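Chemist: In this note's numbering, the protein residues as written are 1247 to 1664.
Below are the structure tokens for one structure; questions will follow.
Written out as structure tokens, the structure reads:
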């Protein structure tokens, strides 16, 4: 059973279904796309007890948790108490994502390369500090905010507005009870995810994602508008460096803090002139990175997940294809703000057969018509021998898909081919 209903979970369910070990798959709640490869369960990812009961009733042999909120709610701890094999970190270990304050303290204590920053629990003290800082500057809400709790402020006015919205207006709820204010790093951003059973760490292939809503990194931050793998600037040498200086030390630090980390550890990085530094840690597969990483995975994903649960990751040889992969998110008009749902999606049956479409905000209506049901609606993904080929395929096919007001970035992976 895969827990979640986005494009990341669709990609996970798609990859898991390819394993000869898997007889039947379920996904909670899933979407119109996952319904073609798994049984959708009408259960919310945060309804941990209902998910546990359903898993017992069905006889689930492996649960894989996609989103951060159920992880932060303790779904892994609950499933382990039920004696059910579950993939993901515990509630305590998930703090590396669910609390920016925790992550910053951990990195500072264990000398993991990261931006200089200070934590504030008081709005007045944070405001006073902001008044004296150089720009641009970064303000991060402590808790989970669906990828929207970070502001990179270019002006004093923007910084103060973000601080007030977070700590006074509580636009992110209790996630804004405290903030981390840190220096703004410059360089190239990249995501490096790794599998770990708490001791062994095996990096995945690197990927780049695009957070801003519009081309040329304009507009508000979103949950991610597209991604590609591999980035040419981040080679095997850098992958090894980040694994040795950032990911392995973080896993070791978590063990020393008494909260062993098992699952996927995602390092969001900035490659600066001083070397790679951590912008953020996430406690799970990334979205939209998963949609371009898993198509490159040659090893049976289920073998990897079970090895992590059983503490024998060191015995697994993980192989990747050399292909390039590009994924572009199609979003509803207005996203990441308010948007309309229930709009018919046309053209999904008019695509090249090798194109992968991972559904996120979709639902199925009568006559097999698929409708929009969220902000990020689809991730359209293509593989090619080169980045030029993968990119050309994906944009050629995107033009066949339509729903009212749909928008997507036209510059995903453009820097790799220009």
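Where a beta carbon is used, it is the ideal one built from N, C-alpha and C, also for glycine.
These figures come from a predicted structure and were not determined experimentally.
Determine the extent of the alpha helix (DSSP H) in which residue 1271 is found, giving its start and end residues.
Modeler: Segment: none, residue 1271 is in no alpha helix (DSSP H) and carries neither H nor E.
Chemist: Hey, out of 1301, 1303, 1338 and 1513, whose CA is closest to residue 1506's CA?
Modeler: Among 1301, 1303, 1338 and 1513, the Cα nearest to that of residue 1506 is on 1338.
Chemist: If you count every other CB in all the chains shown that lies within 10 Å of the CB of residue 1381, and 16 or more means buried, which is it?
Modeler: The residue in question, residue 1381, is exposed, as its Cβ has fewer than 16 Cβ neighbours within 10 Å.
Chemist: Please go through the stretch 1471-1550 and give each complete alpha helix (DSSP H) segment of 4 or more residues, from N-terminal end onward.
Modeler: Listed in chain order, they are 1482-1488, 1494-1502 and 1536-1539.
Chemist: Comparing alpha-carbon positions, which option in 1606, 1501 and 1601 lies nearest residue 1281?
Modeler: Comparing Cα-Cα distances from residue 1281 to each of 1606, 1501 and 1601, the minimum goes to 1606.
Chemist: What are the start and end residues of the alpha helix (DSSP H) that includes residue 1353?
Modeler: That run of the alpha helix (DSSP H) goes 1346-1355.
Chemist: Using a Cβ-Cβ cut-off of 8 Å (strictly less than) and excluding sequence neighbours within five positions of residue 1636, which residues of its own chain qualify?
Modeler: Closer than 8 Å at the Cβ level, and outside the excluded window around residue 1636, lie 1474, 1569, 1570, 1571, 1572, 1628, 1629, 1630 and 1659.
Chemist: To the nearest angstrom, how far is it from the Cα of residue 1410 to the Cα of residue 1373?
Modeler: Looking at the two C-alpha atoms, the distance is approximately 8 Å.
Chemist: State buried or exposed for residue 1348, treating a residue as buried only when at least 16 other CB atoms are found within 10 Å of its CB.
Modeler: Its Cβ being crowded by 16 or more others within 10 Å, residue 1348 is buried.
Chemist: Less than 8 Å between C-beta atoms, sequence neighbours within five positions excluded: which residues of the same chain meet that for residue 1489?
Modeler: Same-chain partners within the cutoff: 1438, 1440, 1447 and 1449.
Chemist: Can you give me the C-alpha to C-alpha distance between residue 1420 and residue 1634, rounded to a whole angstrom?
Modeler: Each residue's alpha carbon lies about 44 Å from the other.
Chemist: Could you check the C-alpha separation between residue 1191 and residue 1458 for me, to the nearest Å?
Modeler: Limits of the chain in this structure are 1247 at one end and 1664 at the other, which puts residue 1191 out of reach.
Chemist: Identify whether residue 1727 lies in helix, strand or coil by the three-state DSSP scheme.
Modeler: What the structure shows of the chain is the stretch from 1247 to 1664, and residue 1727 is not part of that stretch, so it cannot be assessed.
Chemist: Relative to the alpha-carbon of residue 1356, which residue among 1379, 1315 and 1524 has its alpha-carbon at the smallest distance?
Modeler: Of the candidates 1379, 1315 and 1524, the one whose C-alpha sits nearest the C-alpha of residue 1356 is 1524.
Chemist: Which residues bound the alpha helix (DSSP H) around residue 1663?
Modeler: Run containing residue 1663: 1660-1663, per the alpha helix (DSSP H) assignment.
Chemist: Is the Cβ-Cβ distance between residue 1639 and residue 1601 less than 8 Å?
Modeler: Yes; because the gap between Cβ atoms is below 8 Å, this pair is in contact.
Chemist: Put residue 1464 into one of helix, strand or coil per three-state DSSP.
Modeler: Strand at residue 1464.
Chemist: Leaving out the 5 sequence neighbours to the left and right, which residues in its chain are closer than 6 Å to residue 1604 when beta-carbon positions are compared?
Modeler: Answer for residue 1604: 1253, 1256, 1257, 1537 and 1625, listed in chain order.
Chemist: Cα-Cα, which of 1554, 1378, 1592 and 1289 is closest to residue 1684?
Modeler: Because the chain here runs from 1247 to 1664, residue 1684 falls outside it and cannot be looked at.
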